[in-house]
Amino acid sequence: MDTRSLSPDRQALARLGGYAGIVAALWLPLFVALFFVIMPARGLDINRFGEPQHVLPFFAAQPALIRLAGLFNMVGLSAAALFGLILARMVFRAAPGQAVAGGFLTTLGWLLTLIAETLDLAAYVALPALYARDQAAAAMAFVTLQTAGRMIRTWGYMLVALGVAALGWGMLRDRGWPRGLGFLGVAGAAAGMAMFVLEYVFVTQTGDAGGGMAQAFTAMFVVLAILVTIWHGWGGLRLLKRRRSAVGGKAS
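Here the sequence shown stands for residues 1120 to 1371, where the numbers follow this note's numbering.
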């Protein structure tokens, strides 16, 4: 697509999508640093993340950290969903089928992930006080919310993976996008599907609500975080570049 052909409305969309992509690209590195570096440095053992007797006293003593993590997730997931919708709109002319499927699946997938993160946040914020009064009731509520959240999140992973694959395929049909970015979307979706299979099977077979923090899952999460960060950052910068190119072309 010739960037100079972008209408003013599409230029505004490109700008908004570019900024959303940049915000989404910053989200996971900040979240990983908070959860895997800062919190362990404060005393959280991620290998015991399924144990309410360890997790709930930690968040009772560190309430600001989990609220900060919740804020990161709300902003980051919302930006990722917005980026997916705008990206779908930008590739619609060249690949309408892939654009519609990709926009729908990524938005639904990120929404499910946000719901799952909200369930986790509810456990981490509300249950420490209950744990101080009734440990058995708090532990049961913790496991219930954790299990529900992880099951919802696994479906979110799958839908986002399929949606990103569709958007990547659409990029490959649009000459205005780098082919490397399109291939990244298609290939990176495999990591999301692996994440889905790993956690879905692990949680359903073991019933361990903290199963998502097993070593294999943690390694896969880091790999997926890197791919998602590159996807959003590269795509966001590309949208901003296309918008500036369109403005420059009109000015000339």
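We put the beta carbon where it would ideally sit given N, CA and C, even for glycine.
By the C-beta criterion, the stretch 1280-1290 is judged to be in contact with the stretch 1205-1216, since at least 3 inter-stretch pairs fall below 8 angstroms. Going by beta carbons, A1310 and L1343 fall inside the 7 angstroms limit. Apart from the 5 residues on each side of it in sequence, V1347 sits with its Cβ closer than 7 angstroms to the Cβ of L1147 in its chain, given in chain order. Between F1191 and L1149, the gap from beta carbon to beta carbon is short of 7 angstroms. Shown here, P1159 sits in a helix according to DSSP, grouped into three states.
Rounded to the nearest whole angstrom, the C-alpha separation of F1154 and I1141 is 21 angstroms. Taking a C-beta distance under 7 angstroms as the contact criterion, G1304 and V1279 do not qualify as a contact pair. In the DSSP assignment, S1126 falls outside any alpha helix (DSSP H) and carries neither an H nor an E.
The closest CA to that of I1271, considering only G1355, F1340, L1227, is found on L1227.
DSSP, reduced to helix, strand and coil, places F1168 outside both helices and strands of the structure shown, so it counts as coil. Annotation for A1200: T1226, W1229 place their beta carbon closer than 6 angstroms to its own, counting only its chain and skipping 5 residues before and after.
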